[in-house]
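Colleague: Can you read through this structure? Questions will come right after.
Protein chains: 2
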Amino acid sequence: LSEGELDFIAALRAMAGDPAARGLADDCAVLPFGDDMLVLTHDAMVEGVHYLAGQDPADVAWRLVATNMSDLAAKGARPVGVLLSYQLNGGEARFLDGLREALAHYGAALLGGDTVAAAGAQSLGMTALGRATHVPVPGRDGARVGDGVYLSGPVGAAMMGLEALREGRVEEAMAYRRPVALVEQGVALAPVVSAMMDVSDGLLLDALRMARASGVCLAIDRMAVPIAAPEARRDEALRWGDDYQLLYTARGPCPGFRIGTVCDGDGVLVDGARPDGALGYTH
Amino acid sequence: LSEGELDFIAALRAMAGDPAARGLADDCAVLPFGDDMLVLTHDAMVEGVHYLAGQDPADVAWRLVATNMSDLAAKGARPVGVLLSYQLNGGEARFLDGLREALAHYGAALLGGDTVAAAGAQSLGMTALGRATHVPVPGRDGARVGDGVYLSGPVGAAMMGLEALREGRVEEAMAYRRPVALVEQGVALAPVVSAMMDVSDGLLLDALRMARASGVCLAIDRMAVPIAAPEARRDEALRWGDDYQLLYTARGPCPGFRIGTVCDGDGVLVDGARPDGALGYTH
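Sequences listed follow chains A and B, in order. With my numbering as the guide, the letters of the first sequence map in order to residues 466 to 748. With my numbering as the guide, the letters of the second sequence map in order to residues 466 to 748.
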C-alpha cells in the first residue's frame, strides 16, 4: 500500500468512531438493528487490478459475490442480500449468468444498486448484507494467549488455479475462477471461536492482521498448514490469497486444521522466526 | 441510456424477485430486519460523468453523501450509516474534509467500505443505510387518480450553480456544489403522501417514472412549478436534476407546492400536452 493510501485509511478509521464500524479493522460492520444484528460489508474490484482484463465476466461476477459472502462467513452471518455497483463494458450477458448462479448458491437476494456507463477499466462494487447467527459476533481482536490457531482448509489452490488460467487450462482453474465462501462453516464456528477472519490476501498477512487486532503473537507451525500446491511451493502458498479459507482461534478442541498457537508478543512467527519478505498481497 | 444498459437493467430487474428490492424501480430497497424496517441504497459516481474532472474533492464527497441521503429522504427514512467505495486519485485530504462535514450534517456514521488504487477516471460508490420512520414506506407506485402532485421546493438552482462553477464563480455555485437532501421533510411527509421520490434526474423525467410505476398520468401545471432560475429558462429548469427536491402525491392538503394533479392515462402532461424533447438527464 502506498503512503497516501495508508494515510487515507488511517483518516477514515479516525472518522469511524461508531462501535458498529469496528474501527474499519474487521471484515464487516456489525450493527444492532431492530432486535436483530445486521452484518454489512462492501468490496470493490477493478479490472486489471483485482481480476484479469479479458477474464470471463461470469467468473468475475461469481468472485465479486464470493468475496463479499466470505466476509459474512467470517462473522458467522447468513447472507440476506446484495447491492451491485456495475460499470458497463459489453460483457453484461455473461456477467448476469455468473451473478445469477452465485446469488442462487448463497441464497442472497439482489436488492438494488447502480449501473454506470464510463470509459476505462471496469470498476465493480458490491455491498452484502447478512444476519448474525451468534452474538457476540466474532471479530479479529479476540485471540488470547494459549488459544489454538486454526485454518478451515488448504491454501494455495487459487494460486495454482490462476496459473492454470493464465496458461489456458481453464478447467483446472476452478479454484481461482469460482472460489467458494465458507458460510456454513462460519455459522458453525461462530459460537466456539475467540477470533475469526477470512483469508483473502494471504495466510501470513491475514494472521498478522489478527495478531495486531488482538495484541498477541500468532506462532504458526509451517508444516501444519494444509496446502493445495506442490510441497516446493509451500512458502508461496502461505502468502497467497483468494482461497477464502477461514482463519480462527479457539480454546480447546475445534473443527479444522490446527496450525499454531497464540503467544505473548506481537506479529507472526513461522517455526519460531519472523517470516521473510512480503506476507501476502495488498491491493 | 444505451440499448445495452437498458437490457442489462431489465435483466437485473427480472432477477430481483425479492419484494424488498421493489423491482429495482424505487429509490431504495426496503427490508424488514428484526422488528424494524431497513432502507438501503447505493449510488455510484464517475469523474467526468457524474462530477467535473478537477472539481473540489470536498464538494464531490458532499455530493456523494447527499445523493444517497436524498434517496433515504424519499422513503421517509432517517440515516444510520454509510459504506464508502473509494478510488485514490490524490485528492484524499479534501475528500475527507467534505466527507466528514456531510456525515456530520446528516448524523450518519461511517461504517465500512473499501479503498482501491487504480489508474483512470475516479470511480466512487456509497451505500447508505437508514431506518424507516413510517410504515408502509412510501414508494413511487402509490399515486392515485385525483391526488395532487407536489414539489417540496424550487428546481433549477443546481443548473444555475453548475453554470456559475464552470465560469469560476465558485461562491455562487453552492446549490450545485453542496446540495442538501431533505431528510426532515421526507420524514414529515411519509405519513401523508401516496407516493414519493426525489428529483435527481429532472422533474419531468422523474415525474414520468412515478407515472409509470403507478400506472397513472401526472398532469403538471407549468407555471405552478417553483423555479430558482430566470423565467426564460423555466423549461430547462423542469428538465434539470441535482436539486434533490422531493416529488410526491397526496390526497387533500399537504405541505409544499402543488404543481399538478394525478389523472387517468399514462406518462406526463405539461399544461395538457406531451412535453417535447428529453425530459431529463439519464446517466
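Glycine residues also receive a C-beta, built at the ideal position from the N, C-alpha and C atoms.
Answer yes or no: does any C-beta atom of chain B fall closer than 9 Å to that of Thr598 of chain A?
Modeller: no
Colleague: Once the 5 residues before and after Ser665 of chain A are set aside, which same chain residues still bring their CB inside 6 Å of it?
Modeller: Result list for Ser665 of chain A: Gly706, in chain order.
Colleague: Just grab the DSSP bridge partners of Asp491 of chain B for me.
Modeller: Under the DSSP definition of a beta bridge, Asp491 of chain B lacks any partner.
Colleague: With Val530 of chain B as the anchor, note down where its alpha helix (DSSP H) starts and where it stops.
Modeller: 522 to 539
Colleague: Just by C-beta distance, which residues in the segment 518 to 549 of chain A are closer than 9 Å to chain B?
Modeller: Val545, Gly546, Leu548, Leu549
Colleague: Name the residues in the segment 549 to 580 of chain A whose C-beta lies less than 9 Å from a C-beta of chain B; which are they?
Modeller: Going along the segment 549 to 580 of chain A in chain order, one finds Leu549, Ser550, Tyr551, Gln552, Leu553, Gly555, Glu557, Ala558, Phe560, Leu561, Leu564, Arg565, Leu568, Ala574, Leu575, Leu576, Gly577, Gly578, Asp579, Thr580 with a Cβ nearer than 9 Å to chain B.
Colleague: Looking at C-alpha atoms only, which residue of A:Ala676, A:Ile692, A:Gly745 is the closest neighbour of Leu734 of chain A?
Modeller: A:Ala676
Colleague: Provide the residue span of the alpha helix (DSSP H) that contains Gln552 of chain B, from first to last.
Modeller: It is not in any alpha helix (DSSP H) - Gln552 of chain B instead sits in the beta strand (DSSP E) that spans 542 to 552.
Colleague: How should Val610 of chain A be labelled, buried or exposed, when 16 other C-beta atoms within 10 angstroms of its C-beta is the threshold for buried?
Modeller: exposed
Colleague: Report yes or no: is there a C-beta of chain B within less than 9 Å of the C-beta of Leu683 of chain A?
Modeller: no
Colleague: Is it a yes or a no for the segment 637 to 653 of chain B touching the segment 534 to 550 of chain B, going by three-plus beta-carbon pairs under 8 Å?
Modeller: yes
Colleague: Let me see if you follow: with CB-CB separation under 9 Å, is Val602 of chain B close to chain A or not?
Modeller: no
Colleague: Residues of chain A with CB closer than 8 Å to the CB of Ser467 of chain B, please, in chain order.
Modeller: Leu553, Ala582
Colleague: Using a Cβ-Cβ distance under 9 Å, would Ser665 of chain B count as near chain A?
Modeller: no
Colleague: Do Glu470 of chain A and Ala523 of chain A have their C-beta atoms within less than 9 Å of each other?
Modeller: no
Colleague: In whole angstroms, what separates the C-alpha of Leu589 of chain B from that of Tyr615 of chain B?
Modeller: Cα to Cα, the separation comes out at about 32 Å.
Colleague: Taking 8 Å as the threshold, find out whether the segment 505 to 524 of chain A comes into contact with the segment 575 to 594 of chain B through three or more Cβ pairs.
Modeller: Contact between the segment 505 to 524 of chain A and the segment 575 to 594 of chain B is present, because at least three Cβ pairs lie under 8 Å.
Colleague: In chain B, what lies closer than 7 Å to Val751 of chain A by C-beta?
Modeller: Beyond the ends of chain A as shown, which are 466 and 748, falls residue 751 of chain A; an answer cannot be given.
Colleague: Determine the closest residue to Ser659 of chain B out of B:Asp686, B:Met502, B:Leu489, B:Gly717, with distance taken between C-alpha atoms.
Modeller: B:Gly717
Colleague: Going by DSSP, what residues sit across from Cys719 of chain A in a beta bridge?
Modeller: None; Cys719 of chain A has no bridge partner.
Colleague: In or out: Ser467 of chain B buried (at least 16 other Cβ within 10 Å) or exposed?
Modeller: exposed
Colleague: In chain order, what are the residue ranges of uninterrupted beta strand (DSSP E) at least 3 long that sit wholly in the segment 612 to 673 of chain A?
Modeller: 613 to 616, 660 to 663
Colleague: Count the other C-beta atoms from every protein chain shown that fall within 10 angstroms of the C-beta of Pro484 of chain A, then say buried if there are 16 or more, exposed otherwise.
Modeller: exposed
Colleague: Run the CB neighbour count on Asp736 of chain B, radius 10 Å, all protein chains shown included, and call it buried at 16 or more, exposed below.
Modeller: exposed
Colleague: Where Ala629 of chain A and Cys682 of chain B are concerned, what is the direct C-alpha to C-alpha distance, given to the nearest angstrom?
Modeller: When rounded, the distance between both Cα atoms is 57 Å.
Colleague: Going by beta carbon distance, what residues of the same chain come within less than 6 Å of Arg687 of chain B, once the five residues before and after it are set aside?
Modeller: Val735, Asp736
Colleague: What is the DSSP secondary structure of Tyr571 of chain A, counted as helix, strand or coil?
Modeller: helix
Colleague: Spell out whether any CB of chain B is found under 9 Å from the CB atom of Leu489 of chain A.
Modeller: yes
Colleague: Could you tell me which chain A residues have their CB closer than 8 Å to the CB of Asp729 of chain B, listed as they occur along the chain?
Modeller: Residues of chain A passing the Cβ test: none, with the nearest at roughly 31 Å.
Colleague: Just how far apart, CA to CA, sit Ala586 of chain A and Ala574 of chain A?
Modeller: The straight-line gap separating the alpha-carbon atoms of Ala586 of chain A and Ala574 of chain A is approximately 27 Å.
Colleague: Give me, in chain order, the residues of the same chain whose beta-carbon lies closer than 8 Å to that of Leu561 of chain B; leave out the 5 immediate sequence neighbours on both sides.
Modeller: Ala526
Colleague: So, at 6 Å on beta carbons, what are the nonlocal neighbours of Arg496 of chain B in its own chain, with the 5 sequence-adjacent residues on each side left out?
Modeller: Residue 496 of chain B is actually Leu in this sequence, not Arg. Excluding sequence neighbours, Leu496 of chain B sits near Ala485, Leu503.
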